[in-house]
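K.L.:
Start counting the sequence shown at 242; every next residue gets the next number (our numbering). Dropping a structure here in structure tokens format, bear with me for questions.
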Amino acid sequence: MNILIIGAPGTGKGTMSEKLIEKYGIVHVSTGDMLRESVKNGTEVGKKAHGYMERGELVPDEVIHDIILERFAQKDMENGILMDGYPRTLAQAEDLDTILASLGKKVDCVLNLELDEQVLIGRITGRRTCPNCKAIYHIQNMPPKVEGICDICGSQLVTRKDDTVESLRVRLDAYHESTKDVIGYYEKQGIVKNINADQSVEKVFEDITEALGECND
Ligand code: AP5
């Protein structure tokens, strides 16, 4: 099954992706993680993306097209794909359909995480992430066992550079301007499942599992 997980920043896309890949053994394609890795490694893509990401703006579609093509060339997607934070513009959605069609695949289900904007601010400012294994924590909601240290690999946790209130405002504007059109695009195909993300992690995941069952019917 090929799944998209969409939602404003901080709705829990990364957190739910961790659980989905564990349960279903599908490949996780997160453009945000791929871009952060490129910035860290100082690649050409990283140099192009760096400024946009720090400001909270969307990275240009051409750059995203190139990293997606490179990722899809790996041919490890037989069990399905979970696309996290991609596509974010109509052009990316159309591009994805073309790429998937060339591989004899299609998008089967779109999980649209919905959350009040007031809650997002607390989620974003309290988030800590592991730069090594990418695990996601929250200082109140999901703290690590030892403060500042990743439970899984023992690395020092970090705050993402774009996890500021200023950058969040820009990211939310980008979401309203572009990503909402993507939801409309897939609504026309009848494959969008709206998920209430303002619940415990366990309950959100339960609702997602149920929604995926409906997409599979
Ligand atoms: P990206 O990395 O995709 O970030 P984002 O969309 O802003 O989303 P976040 O990672 O901030 O939030 P999330 O929904 O994953 O929430 P999380 O699970 O961490 O993109 C970053 C940047 O890269 C973009 O701004 C853009 O510049 C660029 N980019 C990426 N893709 C692009 C594309 N396709 N096109 C153009 N540009 C692109 O959860 C947040 C916090 O809440 C955590 O602390 C977590 O512990 C906590 N939490 C999660 N669920 C719950 C719950 N149910 N209850 C309580 N707390 C919870």
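Positions of the beta carbon are idealized from the N, C-alpha and C atoms, including for glycine. No experiment lies behind these values; they were computed from the predicted model shown.
1) Locate the alpha helix (DSSP H) running through Asp448, then write down its first and last residues.
2) Between Ile262 and ligand 3, is the CB less than 7 angstroms from at least one heavy atom?
3) In the DSSP output, which residue or residues are listed as bridge partners for Leu413?
4) Could I get the ranges of all uninterrupted beta strand (DSSP E) runs contained in the stretch 296-345, with 3 residues as the minimum, in chain order?
5) Do Leu245 and Met324 have their beta-carbon atoms positioned less than 8 angstroms apart in this structure?
6) Between the stretch 248-261 and the stretch 355-364, do at least 3 Cβ pairs fall closer than 8 angstroms?
7) Taking the runs of the beta strand (DSSP E) that are 3 residues or longer, which of them lie wholly in the stretch 345-369?
8) If you pair each beta-carbon of the stretch 279-296 with each one of the stretch 339-351, do three or more pairs fall below 8 angstroms?
9) For Asn382, which option in Glu447, Asp357 and Thr256 has the closest C-alpha, if you only look at C-alpha atoms?
P.N.:
According to the structure data:
1) Per DSSP, the continuous alpha helix (DSSP H) segment holding Asp448 begins and ends at Val442 to Asn457.
2) Absent from the structure shown: ligand 3. Ligands present: ligand 1.
3) Bridge partners of Leu413: none, in fact.
4) At a cut-off of 3 residues, the continuous stretches assigned as beta strand (DSSP E) that sit fully inside the stretch 296-345 are 322-325.
5) The answer is yes: Cβ separation under 8 angstroms.
6) Flag = yes, the stretch 248-261 and the stretch 355-364 touch.
7) Complete beta strand (DSSP E) runs here, min 3: 350-355.
8) The stretch 279-296 is not in contact with the stretch 339-351.
9) Of Glu447, Asp357 and Thr256, the residue nearest in Cα terms is Thr256.
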